[in-house]
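**Q** Using the numbering used here, read the sequence shown as starting at 189 and increasing by one per residue. Glycine included, each C-beta is placed from N, C-alpha and C at the ideal position. Remember, it's a predicted structure, so these values are computed and weren't measured experimentally. I'd like to ask some things about the structure below.
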Amino acid sequence: MSNTAPLSGWREEMQAAYLYRVVADIEAGTPRAALFTELAGEAEKQAAIWMTLAREAGSPASATLNYVPDLRTRCVAALTRRFGARAMRTALSAMKVRGMSIYTHGAQATQGTQGHESSAPGGEMGKRHRGMGSGGNLRAAVFGVNDGLISNASLIMGMAGATSTMADSKLVLLSGAAGLIAGAFSMAAGEYVSVRSQREMFEYQIGLEKEELDQYPEEEAEELALIYQARGLPRDDAARLASQMTSNPALALDTLAREELGLNPDDLGSPWGAALFSFAAFAAGAAVPLLPFLVGNIAHGTNSLSAAIGITVLALFGVGAALSLFTGRNAWWSGVRMLGIGCAAGAVTYLIGKSLGVALT
């Protein structure tokens with residue numbers, strides 16, 4: 189172990205203790221305040237262990253080191269005071285603040301690993317276009333298709349408004365194809381960066397848990413017991429369950445990741461999978477209003493714009509109706525609402541295109 193590793197561990201634990209006390213102050217008057225105060229105490233105990241290791245390793249800085257929150261920690265603390273711990277739970281978890289899963293899990297502790305909730309990774313990060321399991325993938329597909337459909341239909345309507353002859357349909361086709369390609373790659377790149385970043389954060393957090401289990405398993409069991417206690421288990425039962433969980437290193441790491449971090453270690457998300465899925469969903473939606481112009485350029489005499497409007501109207505209604513699967517609203521109402529939104533976007537871009545086309549001729 190290097191001389192700097194114990195000091196790094198000390199800083200992380202002191203940072204966590206500082207933020208635990210910030211959350212405890214925010215939760216004053218609730219049972220959570222006691223939980224985070226005790227977690228702060230556990231973090232300080234763990235920091236003391238790291239400091240002892242630093243001194244044993246002969247680190248000269250350990251003799252005079254005092255903890256002062258850095259700028260990042262102060263910013264997270266200020267945002268947590270402003271918006272609350274629930275809203276900031278993802279950022280707090282990244283800062284090694286454990287127990288954030290109590291803001292997303294049920295109030296009662298489970299009686300074994302079979303009862304653990306499987307947390308979808310990322311919290312608020314990537315909820316819209318990503319989801320775990322078949323239902324989540326379907327939701328992501330519907331939103332991806334919807335994005336491609338509305339954005340490319342609006343682009344095509346704007347270009348159609350700016351042109352004045354049927355011969356200009358080739359220009360509309362070219363613009364729509366460019367919009368499909370650029371939009372799909374943009375969505376894919378954004379998904380890749382988002383999932384890659386969150387996966388790196390999760391892997392780092394799980395790595396920290398593994399290192400801490402090796403260094404001080406009893407203290408980690410204490411943290412886990414506090415979280416179970418906050419969920420409703422009596423103190424003795426919580427301590428016994430936590431001790432049982434941490435007696436097996438592999439099970440302990442899995443349990444700590446789920447209960448302290450709110451993660452599912454078996455499902456951290458695939459950056460390439462998310463990127464390809466997003467690309468395909470966006471491209472599928474963007475292709476819908478583009479197809480009539482492609483057919484029209486092959487079969488001359490086809491009114492491509494009218495066909496594009498018709499097929500886009502049907503697709504918008506279908507996407508809106510599909511979204512009712514996730515909102516619980518009436519399918520007809522959801523379809524009509526999405527149709528209204530899409531038509532408004534298309535009409536506005538058409539009028540803007542028409543105005544620019546007249547002004548530039």
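1) If you follow the alpha helix (DSSP H) that L253 is part of, which residue opens it and which one closes it?
2) Would you decide whether D258 is buried or exposed? Buried here means 16 or more other CB atoms lie within 10 Å of its CB.
3) Cutting at 8 Å between CB atoms, please list the residues of its own chain near T500, excluding the five before and the five after it.
4) Between S512 and the rest of its own chain, which residues show a CB-CB distance below 6 Å, the 5 nearest in sequence each way excluded?
5) In this structure, does DSSP put V476 in helix, strand or coil?
6) Of all the options A242, S382, A222 and A532, which has the alpha carbon lying nearest to the alpha carbon of P556?
7) Three or more C-beta pairs closer than 8 Å, one from the segment 342-351 and one from the segment 359-367: is that the case here?
8) Going straight from the alpha carbon of S306 to that of L441, what length do you get?
9) DSSP on R286, reduced to helix/strand/coil?
10) Does the beta-carbon of A372 have 16 or more other beta-carbons within 10 angstroms, so that it is buried, or is it exposed?
11) Please return the same chain residues whose Cβ sits closer than 6 Å to the Cβ of T301, not counting the five positions on each side in sequence.
12) For S196, is the classification buried or exposed, using 16 other Cβ atoms within 10 angstroms of its Cβ as the cut-off for buried?
13) In whole angstroms, what is the alpha-carbon distance linking M202 and F465?
14) In whole angstroms, what separates the C-alpha of R199 from that of L412?
15) Starting from L504 and walking both ways along the alpha helix (DSSP H), at which residues does that stretch end?
16) What is the residue span of the alpha helix (DSSP H) that L267 lies within?
17) At what residues does the alpha helix (DSSP H) containing E215 begin and finish?
18) Can you give the Cα-Cα distance for G332 and V536, rounded to whole angstroms?
19) Compute the beta-carbon to beta-carbon distance between L414 and L227, rounded to the nearest angstrom, for a pair I have assumed lies under 8 Å.
20) What does the Cβ neighbour count give for I290, buried or exposed, with the cut at 16 atoms within 10 Å?
21) Mark A236 as exposed unless 16 or more other C-beta atoms lie within 10 angstroms of its C-beta, in which case mark it buried.
22) Please classify F271: is it buried, with 16 or more other beta-carbons within 10 angstroms of its beta-carbon, or exposed?
23) How about A463 and Y538: do their beta carbons lie closer than 7 Å?
24) Is the beta carbon of F505 closer than 7 Å to that of L527?
25) Starting from the C-beta of Y481, find all residues in its chain whose C-beta is less than 7 Å away, skip the five residues before and the five after it, and write them out in chain order.
**A** Per the coordinate set shown:
1) No alpha helix (DSSP H) holds L253; DSSP gives it neither H nor E.
2) exposed
3) L337, A341, V476, P477, G530 and G534
4) A519 and S522
5) coil
6) Given a span of 189 to 549 for the chain in the structure shown, any question on residue 556 remains unanswerable.
7) yes
8) Reliability fails at S306, whose pLDDT of 38 lies under 50, so the model's placement of it is uncertain and the value that follows must be treated cautiously. If I take the Cα positions, the gap works out to 15 Å.
9) coil
10) buried
11) For T301, the pLDDT reaches just 37, beneath the cut-off of 50, and the residue's location in the model is therefore unreliable, leaving the point undetermined.
12) exposed
13) 41 Å
14) 21 Å
15) S492 to T515
16) L259 to F271
17) Looking at the DSSP string, E215 is not in any alpha helix (DSSP H), and its letter there is neither H nor E.
18) 22 Å
19) 6 Å
20) buried
21) exposed
22) exposed
23) no
24) yes
25) Reading off the sequence shown, one finds Phe at residue 481, where the question assumed Tyr. Cβ neighbours of F481 beyond the five flanking positions: S357, V360, L361, G364, S492 and A496.
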